[in-house]
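As you go down the protein sequences, you meet chains H and X in turn. So in the numbering used here, the last one in the first sequence is 302, and the numbering has no gaps at all. So in the numbering used here, the last one in the second sequence is 302, and the numbering has no gaps at all. All C-beta atoms in this analysis are idealised placements derived from N, C-alpha and C, irrespective of residue type, glycine included.
Protein chains: 2
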Amino acid sequence: MQKPLILVTNDDGITAPGLRSLIQFASEIGDVIVVAPDSPQSGMGHAITINNTLYATKMTTIEKDGANAEYSCSGTPADCVKLGLQEILDRKPDIVISGINHGSNASINVIYSGTMSAAIEAGIEGVPAIGFSLCDYTWKADFSQSKGYIQKIIQEALANGIPQGVVLNVNIPKLQTNELKGVKICRQARANWKEKFDKRTSPMGKDYYWLTGEFELLDKGEDTDEWALANGYISVVPTQFDLTAHHSIQQLNAWELG
Amino acid sequence: MQKPLILVTNDDGITAPGLRSLIQFASEIGDVIVVAPDSPQSGMGHAITINNTLYATKMTTIEKDGANAEYSCSGTPADCVKLGLQEILDRKPDIVISGINHGSNASINVIYSGTMSAAIEAGIEGVPAIGFSLCDYTWKADFSQSKGYIQKIIQEALANGIPQGVVLNVNIPKLQTNELKGVKICRQARANWKEKFDKRTSPMGKDYYWLTGEFELLDKGEDTDEWALANGYISVVPTQFDLTAHHSIQQLNAWELG
């Protein structure tokens, strides 16, 4: 039987330890091709490169994690998926996996996430896709603890398929293997970031800002990704790119827009 | 009675004719503050600036369209909304409006849209928000044809509020006023972009790509935004940022992830 073809990407860049781990885990399951950004793209949301040129460079020196081939791309995570599917791969991959992100993409973070934008791009193009994130922002994060779960999720997705119009947003708490309680299918928790801008003055006398903020959970539900993560579970949120708020259509029809 | 406070932004940049028109239309309804990108941000999706500094410069020369004040910001549309709400406005605005975009943000375009990311950011922060787009990519597009409809939509949103967790994605066909048939509340049509990468070689001998593509409508429904636009209607899609595919949760619970 032909091995599954797996396209791997991320948003932290091709050298990120989280990507290197995901390549290792995936190469035990199938043939792996990597198309990943040449520099960190965190916070890029679903950006694409339309007013600039895109480069993709085949890497010859870092194929040590089991990938069949690796390409470093000058674009965003969504660009990497587009370029991978259209130009680099010989055939449609069986799955696209993105990550492992250094830091949570649970709850409202999905909106800002380059990791998830890659998965969503694949989903739009009809390829099953999963984004993986570990709730640990540091470069030295230990991705090995959840290896078994990550491989199981990929294998189940390959075996069962993923519903059309849906991609998976997988977040992993920062715990040791024996502390992980299992996997929960969840909904996205309601939350936002309470922005705080750190206002400073440049040496040239011009005011500027750094965007900082505090995560604010607005949801007490026990069926959310945030609840799962806080209680030791890996969260899996089926995530869609039909953004229609179907329940609001009737309400808006009452407006007088004649 | 206090006039409504309206925050106006866009993704084509502070000098774009579509923004200038929206400022004019909005200033007949309320007090307008503009916080818009200093350069075009099309295709930026929901990007935010987290690894770089942000500037916001009060413009003193271009306040000719009726705004109370205008600020040019070095960031993305989502940054503009965050900065506007947090640092620039004295009080919470009654509504945030984004656009008028030069080009459609209907259907799957909502995912890549900087215009809509600004509206979504406002929605996340609990402020009613609308993104407006005209299906005409040119800089010379005629935004005046739909003035009455745009003002009516803003006024109805101010009068009725917008359901929590929802923002409006308004798209306008390129038609004369007397050809516009009215407004339809719609769902987002299923579609994707069939990418075609235009591969070239630089003068230095390095291969590079331009991302191009063709829009591919996958949806025959007559309740979609694409149908409405093709039939002379302004489309209004209630758009949510809870991306959970609630209908898939049960199906995924059958996976063996033990």
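Which residue comes first and which comes last in the beta strand (DSSP E) that contains residue i?
i: Trp254 (chain X); result: Asp251 to Leu261
i: Glu239 (chain H); result: Ala235 to Thr245
i: Met103 (chain X); result: Ala100 to Met103
i: Gly226 (chain H); result: Gly226 to Ile229
Quick check on residue i - is its C-beta less than 9 Å from some C-beta in chain H?
i: Pro207 (chain X); result: yes
i: Lys196 (chain X); result: yes
i: Pro172 (chain X); result: no
i: Arg234 (chain X); result: yes
i: Pro282 (chain X); result: yes
i: Arg135 (chain X); result: no
i: Leu49 (chain X); result: no
i: Gly265 (chain X); result: no
i: Gly302 (chain X); result: yes
Just mark residue i as buried or exposed, buried being the case when its beta carbon has 16 or more other beta carbons within 10 Å.
i: Asp286 (chain H); result: buried
i: His303 (chain X); result: This structure leaves residue 303 (chain X) out entirely; chain X is present only between 45 and 302.
i: Glu223 (chain H); result: exposed
i: Gln208 (chain X); result: exposed
i: Thr221 (chain H); result: exposed
i: Met248 (chain H); result: exposed
i: Tyr115 (chain X); result: buried
i: Tyr193 (chain H); result: buried
i: Glu181 (chain X); result: Reading off the sequence shown, one finds Tyr at residue 181 (chain X), where the question assumed Glu. Under this definition Tyr181 (chain X) is an exposed residue.
i: His290 (chain X); result: exposed
i: Asp242 (chain X); result: exposed
i: Glu239 (chain H); result: buried
i: Leu262 (chain H); result: exposed
i: Ala162 (chain X); result: buried
i: Arg135 (chain H); result: exposed
i: Gly226 (chain H); result: exposed
i: Ser292 (chain H); result: buried
i: Arg244 (chain X); result: exposed
Rounded to whole angstroms, how far is the Cβ of residue i from the Cβ of residue j, which I believe are closer than 8 Å?
i: Ile4 (chain X); j: Thr120 (chain X); result: For residue 4 (chain X) there is no data in the structure shown, the boundaries of chain X being 45 and 302.
i: Val78 (chain X); j: Leu296 (chain H); result: Val78 (chain X) to Leu296 (chain H), Cβ: 27 Å. No contact.
i: Leu51 (chain H); j: Gly128 (chain H); result: 5 Å
i: Phe176 (chain H); j: Ile139 (chain H); result: So it is not a contact: roughly 12 Å between Cβ atoms.
i: Gly167 (chain H); j: Gln85 (chain H); result: Actually they do not touch by this definition, with Cβ atoms about 18 Å apart.
i: Met88 (chain X); j: Asp55 (chain X); result: 6 Å
i: Asn215 (chain H); j: Asn149 (chain H); result: 6 Å
i: Gln232 (chain X); j: Thr288 (chain H); result: 5 Å
i: Trp237 (chain X); j: Glu270 (chain X); result: No, Trp237 (chain X) and Glu270 (chain X) are not in contact; Cβ-Cβ is about 13 Å, not under 8 Å.
i: Leu98 (chain X); j: Tyr156 (chain H); result: Wrong, their Cβ atoms sit about 15 Å apart, outside the cutoff.
i: Ala60 (chain X); j: Cys117 (chain X); result: That pair is no contact at about 14 Å.
i: Ala113 (chain H); j: Lys126 (chain H); result: With 8 Å as the limit, Ala113 (chain H) and Lys126 (chain H) do not qualify as a contact, their Cβ atoms being about 17 Å apart.
i: Ile152 (chain H); j: Ala235 (chain H); result: 5 Å
Would you list the one or two residues that DSSP bridges to residue i?
i: Leu51 (chain H); result: H:Ile77 and H:Val140
i: His13 (chain H); result: Outside the shown range of chain H (45 to 302) lies residue 13 (chain H), about which nothing can therefore be said.
i: Thr97 (chain X); result: Bridge partners of Thr97 (chain X): none, in fact.
i: Asn215 (chain X); result: X:Ser177 and X:Ser279
i: Cys117 (chain H); result: H:Pro81 and H:Ala100
i: Gln284 (chain H); result: H:Val210
i: Thr268 (chain X); result: X:Arg231
Cβ of residue i less than 9 Å from any chain X Cβ?
i: Lys240 (chain H); result: yes
i: Lys250 (chain H); result: yes
i: Asp286 (chain H); result: yes
i: Ile58 (chain H); result: no
i: Cys179 (chain H); result: no
i: Thr182 (chain H); result: no
i: Met88 (chain H); result: yes
i: Ala80 (chain H); result: no
i: Gln295 (chain H); result: yes
In terms of residue numbering, what span does the alpha helix (DSSP H) encompassing residue i cover?
i: Gln208 (chain H); result: Element bounds for Gln208 (chain H): n/a, residue is neither H nor E.
i: Tyr193 (chain X); result: Lys191 to Asn204
i: Thr159 (chain H); result: Gly158 to Ile168
i: Gln295 (chain X); result: Ile293 to Leu296
i: Phe69 (chain X); result: Pro61 to Ser71
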